[in-house]
Amino acid sequence: MSGSFCVHRGPLSSCRPSGSVITSRFNGTSSAHPYLARNASGIASGNMHAKGLRSIVAAPKARMVIMQSVNETVESVPEVADKPVEPASSKSIRIKVAANGKVQAVAGKIAHSIREGALTEVACLGPKCTNLAVKAIAIGRSYLMAENKDISFQPIFVELDRMDDNRPLRGVVLKLAATSNGEALASTPADAVEMHVRGASVPTRSAGVLAARLQEERPVFLTAIGAGAVQTAVLVLEKTRKYLQASGKDIRARPEFIKVTKEDREVNAIKFNIVVEGLPVETATVPSV
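Here the sequence shown stands for residues 1 to 289, where the numbers follow UniProt numbering.
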């Protein structure tokens, strides 16, 4: 069994972490894993000895069993393509992105947190921060490619802070998830439909079109050029997630850098590869209007 550390970072005043608290955990393969998976229900019911265990969590259909003691987590993780691997640690890292931050530094933090199995989210306020965060995720994906890992994100708009007059300051949090096998690294199919998002695009309208295409099971991806367009694309993804809830579906995005032709010249753009997944039954509800 191999050892690693999971880092919990508290509120950050900038891109640099402060107030870090480190707890230990263990992961890797172990001959005990099949035993734990087979006997979790017995331990949970009290029919088997479970000395030192703090909690037992069994996923539906016994796909994942997590047994926690005070100092360690032993896990049996399913290896299914395109299914996010649930982090063994309950510790979370929030990486706050500044508009003038260094994209490579943020990408390094993202890749490190994914390697450590932490619950990771990236907080952004405004188009410049969102653009930098999406670029950092794209770079982080390239950092992890050699390790047979990939990153996707889901956007959620939340209240990040309060202004001086106590009005809410809303921003976007990109919740990251990791996949851990080669099949999940496959790119968008060649016959996928491109949706070009501009800074002036209406998010609700574009989200409606995107949701309709996904309902028809047509492969589709978004492209965006510039910070304003990237911000709008993230808005489109967030609203599309809400539109798909009633049908029990959800989406994730994997950003990457591409070249596109605009006004007879090549320019850099962000491509949002979209992965469709099912929602848990209890989560699939009709979105509020």
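Idealized CB from N, CA, C, for every residue including glycine.
Using a 10 angstroms sphere on the CB of Gly140, the tally of other CB atoms reaches 16 or more, which defines it as buried. Contact between Ala177 and Glu256 does not hold, since the beta-carbon distance rounds to 16 Å and is not under 8 Å. Here the C-alpha atom of Glu266 lies approximately 15 Å from the C-alpha atom of His196. In the DSSP assignment, the residues bridged to Asn273 are Phe221, Arg254. About 17 Å separates the beta carbons of Val172 and Leu210, which is beyond the 8 Å limit, so they are not a contact pair.
The shortest C-alpha to C-alpha distance from Pro189 to any of Phe272, Pro127, Lys242, Gly101 is the one to Phe272.
The Cβ-Cβ distance between Leu279 and Asp250 falls below 8 Å.
Counting along the chain, Ser152 sits inside no alpha helix (DSSP H); it lies in the beta strand (DSSP E) bounded by residues 150 to 162. Between Ala105 and Tyr143 the beta-carbon gap is near 12 Å, outside 8 Å, which marks them as no contact.
Scanning Leu160, Glu217, Leu125 for the CA closest to the CA of Ala227 turns up Leu125. In this structure, the straight-line span from the alpha carbon of Lys135 to that of Val276 is close to 21 Å. The DSSP-derived three-state label of Gly140 is helix. In the three-state reduction of the DSSP assignment, Glu147 falls in the coil class.
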